[in-house]
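Student: Sharing a structure below in structure tokens format, with a few things to ask.
Residue numbers (my numbering): 229 to 886.
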């Protein structure tokens, strides 16, 4: 049986399996996640037992994270790999299926005899670099022959692998940050982290000893701890660092000429040589002030910066591996799209995802990657609409030191980072024409040159692209290369809009409601019939992302455990009257928030909905002074993401007036 037939077996009769996987295991993490996963697998394919275990390579042992046999949990059990069916799965690196008479193959296994096992399914679990880190398996005391069970088992094994990788990355991040804090606290020199106003955010042990207790400094201006002349020098250096642009003489750190004269709250004043470095956190300038002996300055600062960069890389890896979720829904149009994913994922074919904003194109891209032979390698995402046009070439292909103003060091691009993995190019229709030729060369020849470089680099990358724009129309208007369009359009997958997915709306709403309720510590009942009817009646121009926002607002304002669907279905920028939408308001047809349908209201066409959306966005832009994102911007007024609004403005052809 090929992969397509296997997928169809699951699709035709096992939608409850997908729902169980999403609503049960996917709602938890760690030990609870693996318990839910093993129980879900046993229930889905009817096995006697199932388990997830961590592989200890040095001792050739497996330790169960979650292991259920019958009605008993054997969590924590350690057993040797050699001489078991698990050994075959781990050493071969492949799924192993023994449909019957397993004891005859492994006569020395005490566990098999203890549970009267007859059949076995097992698969290794891989880290992002391809090394084996665990094992997922199921035992049954009857023959297990059907291919349906194998197909379902593969789905559950993929989720087990993703969660185990997430836990491993999270543990590495904790160790890295603990190491970084130990270095800071063990340094002889005083180190203070300052905000953009030079108020103290953090300080190490040496700074506490030098200036006084933590409570004496946190939240206070660091300038108060220095003599007036020194405070002026510190302020001047901070201003230069904040104002300096990349490539100018002011670097990311500066030695404070003349040093600083400190006046601690307790103890005698002292003179110190000092450096001030700038970094950016959450879009704001921050500073690190180091008061130190000049001979040790460069060595210690380099060590701190290196650890911070490694910690940030681990955060990005953790964010990537924990973001993968199964796709929720069982509507025919969605299952057709998922069938396409199952068919193309094992190939090397370029995939083009087509769909409106908010339909979940990135989730589909991750599904293609996770079901492909490249799943143990990185998936790198680039949003072509979110990167400034003059920086996108460097972002994709990297640059050499000195290639342009601000290129102070060599930088690898996203194609290089995705080597042997998958590159997801989101909002591809926004890619500038000059770069389209370079992208075409990468797709055809598998090679490129970095910005400012002369060496041709070979690359092995599978490209998954996505757009909400009509590329064929862009080709006709000369805004997209025809040859690139045909090179990308090898295997298009059209992702259905939410309004065409019927009952999926309720499945998604229930999932979001439970997730948000857990996050804020609230307990909610299921959706009532009125809420279901109103959700199903709405056209959802913002698709899944809009539904998520609606449910989040309804959960936050819930009363007595009941979802506040009235508040949920109101845009934050729409005038409110007692948190109830007014269907009879004069401007109801043009309001950004949906109005509950009634018998007297006309059904709008797609063209009319598009016109209303355009008019509403223009009104928001006028109100925000044509500021798109950020505080007070149109995106905030509309309750949507800034990059999403920018994409809609471009797609609707909205130009600034006046």
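The C-beta atom is built at its ideal place from N, Cα and C for all residues, glycine as well.
Computed from a prediction, not measured in an experiment: that's the story for all the values here.
Are the Cβ atoms of residue 556 and residue 724 separated by less than 8 Å?
Tutor: The answer is no: Cβ separation not under 8 Å.
Student: Ignore the nearest five residues each way along the sequence and tell me which others in residue 351's own chain have a CB closer than 8 Å to its CB.
Tutor: 317, 322, 323, 324, 363, 364, 365, 381, 382 and 385, listed in sequence order.
Student: In this structure, how does DSSP classify residue 354 when only helix, strand and coil are distinguished?
Tutor: In the structure shown, residue 354 sits in a strand (DSSP, three-state: E or B).
Student: So, with DSSP's three-state summary, where would you put residue 837?
Tutor: If DSSP states are grouped into helix, strand and coil, residue 837 belongs with the helices.
Student: For residue 693, which of 644, 779, 741 and 593 has the nearest alpha-carbon?
Tutor: Checked all of 644, 779, 741 and 593; the closest Cα to residue 693 is 593.
Student: Determine the DSSP secondary structure at residue 664, reduced to helix, strand or coil.
Tutor: The answer is helix: DSSP assigns residue 664 an H, G or I state.
Student: For residue 277, count the other beta carbons within 10 Å of its own beta carbon; 16 or more makes it buried, fewer makes it exposed. Which is it?
Tutor: Flag for residue 277 reads buried.
Student: In the segment 433-465, which residue ranges form an unbroken beta strand (DSSP E) of at least 3 residues, counting only runs that do not cross its ends?
Tutor: Those beta strand (DSSP E) runs which fall completely within the segment 433-465 and span 3+ residues do not exist here.
Student: Count the C-beta pairs between the segment 573-582 and the segment 708-721 that are closer than 8 Å, then say yes if the count reaches three, no if not.
Tutor: These segments touch.
Student: Measuring from the CB of residue 337, is there a heavy atom of the ligand ATP at a distance below 7 Å?
Tutor: Absence of the ligand ATP from the depicted structure is noted, as is the absence of any ligand whatsoever, leaving it without description.
Student: Tell me, please, whether the CB atom of residue 368 is closer than 8 Å to any CB atom in chain D?
Tutor: The chain inventory of the structure shown lacks chain D, comprising one protein chain alone.
Student: Buried or exposed for residue 738, going by 16 or more other Cβ atoms inside 10 Å?
Tutor: Under this definition residue 738 is a buried residue.
Student: With a threshold of 8 Å on Cβ separation, who are the neighbours of residue 602 within its own chain once the five nearest residues in sequence on each side are excluded?
Tutor: Closer than 8 Å at Cβ, skipping near neighbours: 648, 649, 650 and 690.
Student: Give the list of continuous beta strand (DSSP E) stretches no shorter than 3 residues that lie fully inside the segment 658-710.
Tutor: List check, beta strand (DSSP E) in window: 690-695.
Student: Where residue 776 and residue 333 are concerned, what is the direct C-alpha to C-alpha distance, given to the nearest angstrom?
Tutor: Going from the Cα of residue 776 to the Cα of residue 333 covers about 51 Å.
Student: Please look up how many angstroms separate the CB atoms of residue 339 and residue 307, rounded, as I've assumed it's under 8 Å.
Tutor: Yes, they are in contact, since the Cβ atoms of residue 339 and residue 307 sit about 7 Å apart, within 8 Å.
Student: Got a sec, what are the start and stop residues for the alpha helix (DSSP H) residue 568 sits in?
Tutor: Looking at the DSSP string, the run of the alpha helix (DSSP H) that includes residue 568 is 560-572.
Student: Flag this pair as yes or no: are the beta carbons of residue 610 and residue 639 separated by less than 8 Å?
Tutor: No.
Student: Among the candidates 784, 764 and 410, whose CA atom is the shortest distance from the CA of residue 749?
Tutor: Looking at the Cα atoms, 784 is the closest of the given residues.
Student: Report the three-state DSSP secondary structure of residue 867 (helix, strand or coil).
Tutor: Coil at residue 867, not helix or strand.
Student: Hey, how far is the Cα of residue 676 from the Cα of residue 670?
Tutor: Looking at the two C-alpha atoms, the distance is approximately 6 Å.
Student: What are the start and end residues of each continuous alpha helix (DSSP H) run of 4 or more residues lying completely inside the segment 332-379, in chain order?
Tutor: Here the runs fully enclosed are 338-342.
Student: Who pairs with residue 489 in a beta bridge, going by DSSP?
Tutor: Beta-bridge pairing links residue 489 to 499.
Student: Using 10 angstroms around the beta-carbon of residue 549, count the other beta-carbons present and answer buried if the total reaches 16, otherwise exposed.
Tutor: Note that residue 549 scores a pLDDT of 45, beneath 50, so its modelled location is shaky; the value from the coordinates is reported in the next line. Residue 549 comes out buried.
Student: Measuring only the C-alpha atoms, how far is residue 309 from residue 591?
Tutor: Approximately 35 Å, taken between the alpha carbons.
Student: The beta strand (DSSP E) with residue 632 in it runs from where to where?
Tutor: Premise fails: residue 632 is in no beta strand (DSSP E) and is neither H nor E.
Student: Which whole-angstrom value is the C-beta distance of residue 626 and residue 644, which I expect to be below 8 Å?
Tutor: Indeed they touch by this definition, with Cβ atoms about 6 Å apart.
Student: Could you pull out every residue in the same chain whose Cβ sits closer than 7 Å to the Cβ of residue 684, ignoring the five residues on either side in sequence?
Tutor: Correct list, in chain order: 675 and 677.
Student: How is residue 516 classed by DSSP in three states: helix, strand or coil?
Tutor: Strand, per DSSP.
Student: Quick check: the segment 693-712 against the segment 651-661, are there 3 or more CB pairs under 8 Å?
Tutor: Touching, per the Cβ criterion.
Student: Would you call the CB atoms of residue 600 and residue 574 closer than 8 Å?
Tutor: Their beta carbons are under 8 Å apart, which means residue 600 touches residue 574 by this criterion.
Student: Comparing C-alpha positions only, which one of 569, 616, 624 and 621 sits nearest to residue 597?
Tutor: Looking at the Cα atoms, 569 is the closest of the given residues.
Student: Hey, residue 659 and residue 668: beta-carbon distance below 8 Å or not?
Tutor: Cβ atoms of residue 659 and residue 668: not closer than 8 Å.
Student: Does the structure place the segment 254-266 close enough to the segment 285-300 that three or more beta carbon pairs sit under 8 Å?
Tutor: The segment 285-300 is in contact with the segment 254-266.
Student: Please return the same chain residues whose Cβ sits closer than 6 Å to the Cβ of residue 391, not counting the five positions on each side in sequence.
Tutor: Closer than 6 Å at Cβ, skipping near neighbours: 261.
Student: Skipping 5 residues on each side, what residues in its chain have a beta carbon closer than 8 Å to that of residue 565?
Tutor: Same-chain partners within the cutoff: 592, 721, 722, 723 and 724.
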